[in-house]
Structure formats: C-alpha cells, structure tokens
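Residue numbers (my numbering): 109 to 240.
Idealized CB from N, CA, C, for every residue including glycine.
The model shown is predicted, which means the values in this text are computed figures rather than measured ones.
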Amino acid sequence: MVKKVDHIGIAVKSLEDHVSFYTETLGLHLEGIEEVPSQRVKVAFIHVGETKLELLEPTSDDSPIAKFIEKRGEGIHHIALGVESIEARIADMNEKGIKMIDNAPRPGAHGTKVAFMHPKSTGGVLYEFCEK
C-alpha cells in the first residue's frame, strides 16, 4: 500500500529566505523550484537521501499554506506517503472511516496526483498520498 515517505512538506513565507539554509548550511541538493497553481504555492524540492523536503511558499493570501502560516507559523505542514493506485488508497481510507480532504486525486508538483487525509482522523497529522 504505502511504498515510502515521499517527502515532508514545510511551510515557509519565502523560499528565497530558506533555501540557502538547506543548500549552503546543510549541503543538501536543490532539485528544483516550481509553481503549483492548483494549490497556490511555489515549491522547492530538496533531496535528503531517499526522501525529499518540500518547502512550500504561498502565492496568494488565501492559499491553504498562507492560512497555515497565519495560524501556526512556519514549520512542518505535512508528511507525504508515496503510493501506487491513489484512487484505491482513497477508497480504502473511506472504508476505514478516515476522513479525506480530497475524495479524488488532484494535481501536485512534478505531475503527481495527490490527496490529503484530514488531520482530525490521523491524530493531528496532515498526511498526503502521492502517486507519481
């Protein structure tokens, strides 16, 4: 079902202010930066072994990331689990009584399909299913 932890999402106000910490201070590799209009964010992916860190900068004041930062400040936003057959994973969670934010996959970064589970059903952690 779940293949791996694909990435950890970290909400930031500005990619420009944070990328150098990961690349210059920690010496990690920046894979690239892209905008994801459907989620109103700009993301930077940074490799850490077989997992990535995804820095998320809001591109509008009404984006979920902007609202998250406003409420909780910058920091860990979500944990993404790499899966095959995301539609089957969503159906499985619904059958098991897990509340989904997304009952159908939506477009994510790098051409992926993503769907989020509601943190009220997961012990307060926002989990994302991610299918490449």
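- DSSP places D125 within a helical segment (H, G or I) once states are collapsed to three.
- Where K228 is concerned, there is no enclosing alpha helix (DSSP H), because DSSP gives it neither an H nor an E.
- By the Cβ rule, the stretch 131-151 does not count as touching the stretch 202-213, because fewer than three pairs are nearer than 8 Å.
- Residues P166 and S168 of the same chain have their beta carbon placed closer than 7 Å to that of A174, with the five preceding and five following residues left out of the count.
- With at least 16 other beta carbons inside 10 angstroms of its own, V191 counts as buried.
- In this structure, the beta-carbon distance from L163 to H218 does not fall below 7 Å.
- Where E192 is concerned, there is no enclosing beta strand (DSSP E), because DSSP gives it neither an H nor an E.
- A direct Cα-to-Cα measurement between L134 and V110 gives close to 29 Å.
- T159 and G183 have their alpha carbons spaced roughly 17 Å apart.
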